[in-house]
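Chemist: Numbering (our numbering), first residue to last: 26 to 142.
For every residue, glycine included, the Cβ atom is placed at its ideal position computed from N, Cα and C.
#1: Pull up the CB-CB distance for residue 39 and residue 105, whole angstroms please, since I reckon it's below 8 Å.
#2: Taking residue 50 as the reference, which of 61, 58, 31 has the closest Cα?
#3: Under the three-state reduction of DSSP, which class applies to residue 53: helix, strand or coil?
#4: For the structure I just gave you, are there three or more beta carbon pairs, one from the region 71-84 and one from the region 95-104, closer than 8 Å?
#5: Given 8 Å as the limit, is there contact between the region 109-119 and the region 130-137, that is, 3 or more CB pairs closer than that?
#6: In this structure, what does DSSP give as the bridge partners for residue 129?
#7: Let's see if you can read the secondary structure: which residues bound the alpha helix (DSSP H) around residue 34?
#8: Using the C-alpha atoms, what's the distance from residue 141 back to residue 97?
#9: Would you identify the three-state DSSP class for residue 84, choosing helix, strand or coil?
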């Protein structure tokens, strides 16, 4: 598959709400994830750690709706824009989350993801 094909399929899975399926299919075993924040989830390494991070996010946020835009491909990278209407359970305050994920692909797998918000 080309990077454009990987990006398109990955993004379509996200659009369908299948974040776990997208990760299982395309994340490299040694993927690195970087959040634009401080704290224990700022940097994660490996498929298992990213799965735990995703589970934590699901358990700690109520999602009311949202959208996934893209992909926007350039070389061995592609970007996806996420907009979600969420309520973090810790605060109970409903907010709009707007972020961009930048994904790097090597050998048909996503080896790095970086989030900007």
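Modeler: Reading from the atomic positions:
#1: 7 Å
#2: 31
#3: strand
#4: no
#5: no
#6: 102, 137
#7: 28-40
#8: 15 Å
#9: helix
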